[in-house]
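**Q** The structure under discussion is supplied below as structure tokens; questions concerning it will follow.
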Amino acid sequence: MTSLPGCSSDTTNPGTAVDAKSVVQTYSRIVEATYADALTRAQALKTACQQLVSAPSEATLGAARTAYVNARYPYGQSDVFRFYGGPIDDDNGPEGAMNGWPLDEAYIDYVVGAESSGVVNDLMTIPVITKDAIRAINEQGGETNISCGYHAVEFLLWGQDLYVDSPGRRPYTDYVQGGRTNADRRGQYLLAVVDMLIDDLTYVHDAWASGAEYRTKFEAMNPDDALKLVLTGAGKFTIGELAGERMEVAWNNADQEDEHSCFSDQTHMDVRLGQMGIRNVLTGTYVTLDGRQIAGASFVALVAARNATLAQTLQRSIERADAEVVSIHAPFDQEIIQADGRIRVKNAINALVAEGVALQDAARALGITLEL
1 MTSLPGCSSD TTNPGTAVDA KSVVQTYSRI VEATYADALT RAQALKTACQ
51 QLVSAPSEAT LGAARTAYVN ARYPYGQSDV FRFYGGPIDD DNGPEGAMNG
101 WPLDEAYIDY VVGAESSGVV NDLMTIPVIT KDAIRAINEQ GGETNISCGY
151 HAVEFLLWGQ DLYVDSPGRR PYTDYVQGGR TNADRRGQYL LAVVDMLIDD
201 LTYVHDAWAS GAEYRTKFEA MNPDDALKLV LTGAGKFTIG ELAGERMEVA
251 WNNADQEDEH SCFSDQTHMD VRLGQMGIRN VLTGTYVTLD GRQIAGASFV
301 ALVAARNATL AQTLQRSIER ADAEVVSIHA PFDQEIIQAD GRIRVKNAIN
351 ALVAEGVALQ DAARALGITL EL
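With UniProt numbering, you'll find the sequence shown wraps up at 372, consecutive numbering, no jumps.
Below, the structure written as structure tokens:
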């Protein structure tokens, strides 16, 4: 099984005191680098999807799927930047258009028993497929009417997951002219939603670029207030989103319809990447796609200067969560229905909740109260 990278030590100069401002500055660097990597991988995904649409084959479909999985790697580490009204999810933020789920497949394309369903096959709703037209109908008429984002791309590459022993099996012939009905529109739709991802990733990356208006204002805030935003996002993601919405709901219902990446059977990686993002924020480290390590003043080090015991508890909770999420087997939809798998998933849920509680306790030691 793939393991998570080990926790890197804080690389702040030994003679330099760690303070809230320096922790916030490290966070900004991590956010910018993570979104830069997500944008790079999204651009590679676009290239692979263009090749699929122009020359559909088993090989080009497989390459597009691989590019999708690779694109999720940095983006999955960015979910921890949500939940405090930053560029990703303020009133103008694109999060809902990028990572919305659960997704009603029939809103986009055909499904078993409804061969003509979805916008792809509905020339009346969107006669000409464009980014603006797709964005306009996102969540129109219901929150599962997701028209765009990573999971829309996922569905267009894999199709429905109707199988116990594999992810979805959409054939490459869905993109062959003269094959499946509306193959041309399906290809246009796929390329449009990938372009939308690139647009939205560019938006959030640029907001966090060095010297950008948002980042400048963020780093100029009262450091304790800015740190509270950082920790609020991390805590809410850890307990409410990752442990709760993405794992416990699926565990309670034992239903693959509740898993995050059901079409590609990549939910186990979503969980690991979410935890990697949490660790990145708390330990002040991020390893870029080209192997460059971004490291600086960390929240763990800041807490250690005030209360070594709480810092150790937090560090141990991070390490335990790392271990438990990696223990989850693929595919996730089988883990939540098999006895041993349910134990592994529940252990990971409990470890994530404990990590969130340790984060909350550590913040309190700094005079920061988090409402998670």
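No residue lacks a Cβ here, since even glycine has one placed at the ideal position from N, Cα and C.
Pop quiz: valine 153 and tyrosine 68 are said to be a contact at Cβ under 8 angstroms. What is the actual Cβ separation, rounded to whole angstroms?
**A** Indeed they touch by this definition, with Cβ atoms about 6 angstroms apart.
**Q** The beta strand (DSSP E) with isoleucine 294 in it runs from where to where?
**A** Segment 293 to 295, the beta strand (DSSP E) holding isoleucine 294.
**Q** From the DSSP output, in three-state form, read off glutamate 355 for me.
**A** Here glutamate 355 sits in helix by DSSP.
**Q** Among the residues of its own chain, which have a CB less than 7 angstroms from the CB of glycine 6, if the five just before and after it don't count?
**A** For glycine 6, the predicted structure reports a pLDDT of 44, less than 50, and the residue's modelled location is therefore unreliable. A value from the coordinates is still provided. Within the same chain, glycine 6 has no close Cβ partners at all.
**Q** Are three or more beta carbon pairs between the segment 328 to 343 and the segment 196 to 205 nearer than 8 angstroms?
**A** These segments do not touch.
**Q** With a threshold of 6 angstroms on Cβ separation, who are the neighbours of aspartate 89 within its own chain once the five nearest residues in sequence on each side are excluded?
**A** Excluding residues within five positions, the ones whose Cβ falls inside 6 angstroms are Arg82, Glu95.
**Q** Checking 8 angstroms against the spacing of the C-beta atoms, do glutamine 266 and arginine 41 come in under that value?
**A** No, they are not a contact pair.
**Q** Going along the chain, which residues of its own chain have a beta-carbon closer than 8 angstroms to the beta-carbon of threonine 369, five neighbours each way excluded?
**A** Excluding positions up to five away in sequence, the list reads Ala363.
**Q** Any idea if glutamate 32 is buried or exposed, counting beta-carbon neighbours within 10 angstroms, 16 or more meaning buried?
**A** It is buried - the Cβ of glutamate 32 has at least 16 other Cβ atoms within 10 Å.
**Q** If we ignore side chains and look at the alpha-carbon of each, how far apart do aspartate 206 and tyrosine 214 end up?
**A** Using only the alpha carbons, I get a separation of about 9 angstroms.
**Q** Apart from the five residues on each side of it in sequence, which residues of its chain come closer than 7 angstroms, Cβ to Cβ, to alanine 36?
**A** Closer than 7 angstroms at Cβ, skipping near neighbours: His205.
**Q** Contact check, leucine 190 vs histidine 151 under 8 angstroms by CB: the rounded distance?
**A** About 13 angstroms separates the two Cβ atoms, so there is no contact after all.
**Q** Hey, quick one: how far does the beta strand (DSSP E) through threonine 285 stretch, first residue to last?
**A** Threonine 285 -> beta strand (DSSP E) spans 285 to 287.
**Q** Can at least three beta-carbon pairs, one atom from the segment 229 to 239 and one from the segment 121 to 135, be found at a separation below 8 angstroms?
**A** Judged by Cβ distances under 8 angstroms, the segment 229 to 239 makes no contact with the segment 121 to 135, as fewer than three pairs qualify.
**Q** Pick out whichever of Gly274, Gln293, Thr309 has its Cα sitting closest to the Cα of leucine 352.
**A** Checked all of Gly274, Gln293, Thr309; the closest Cα to leucine 352 is Gly274.
**Q** Leaving out five residues on either side along the sequence, give the residues of the same chain with a beta carbon under 6 angstroms from the beta carbon of tyrosine 75.
**A** Excluding sequence neighbours, tyrosine 75 sits near Ala38.
**Q** Helix, strand or coil for serine 3 per DSSP?
**A** Here serine 3 scores only 49 on pLDDT, less than 50, and its place in the model is too uncertain to base an answer on.
**Q** Assess contact between the segment 232 to 240 and the segment 49 to 62, defined as three or more Cβ pairs (one per stretch) separated by less than 8 angstroms. Is contact present?
**A** Output reads no: the segment 49 to 62 does not touch the segment 232 to 240.
**Q** Within 10 angstroms of its Cβ, does lysine 217 collect 16 or more other Cβ (buried), or is it exposed?
**A** It is exposed - the Cβ of lysine 217 has fewer than 16 other Cβ atoms within 10 Å.
**Q** According to DSSP, is alanine 209 helix, strand or coil?
**A** Here alanine 209 sits in coil by DSSP.
**Q** Around the C-beta of asparagine 99, are 16 or more other C-beta atoms found within 10 angstroms, so that it is buried, or is it exposed?
**A** Per the 10 Å Cβ criterion, buried.
**Q** Can the beta-carbon of glutamate 58 be found less than 8 angstroms from the beta-carbon of tyrosine 172?
**A** For glutamate 58 and tyrosine 172, yes; Cβs fall inside 8 angstroms.
**Q** Assuming contact is defined by CB atoms lying nearer than 8 angstroms, are residue 377 and glutamate 105 in contact in what I supplied?
**A** Summary: the structure shown does not reach residue 377, with the chain confined to residues 1 through 372, and so no result is reported for it.
**Q** Between the segment 248 to 266 and the segment 339 to 356, do three or more beta carbon pairs fall short of 8 angstroms?
**A** Output reads yes: the segment 339 to 356 touches the segment 248 to 266.
**Q** Using a 10 Å radius around the Cβ and a threshold of 16 neighbouring Cβ atoms, would you call glutamate 259 buried or exposed?
**A** Glutamate 259 is buried by the Cβ-count criterion.
**Q** Using a threshold of 8 angstroms, state whether the C-beta atoms of alanine 354 and aspartate 224 are closer than that.
**A** No.
**Q** Count the other C-beta atoms from every protein chain shown that fall within 10 angstroms of the C-beta of serine 54, then say buried if there are 16 or more, exposed otherwise.
**A** Answer is exposed; the Cβ neighbour count stays below 16.
**Q** Would you mind reading off the limits of the alpha helix (DSSP H) that contains histidine 151?
**A** It spans 150 to 158 - the alpha helix (DSSP H) in which histidine 151 sits, taken as one unbroken run.
**Q** One question on the structure: do tyrosine 175 and proline 56 come within less than 8 angstroms of each other, judged by their Cβ atoms?
**A** A contact, by the Cβ cut-off of 8 angstroms.
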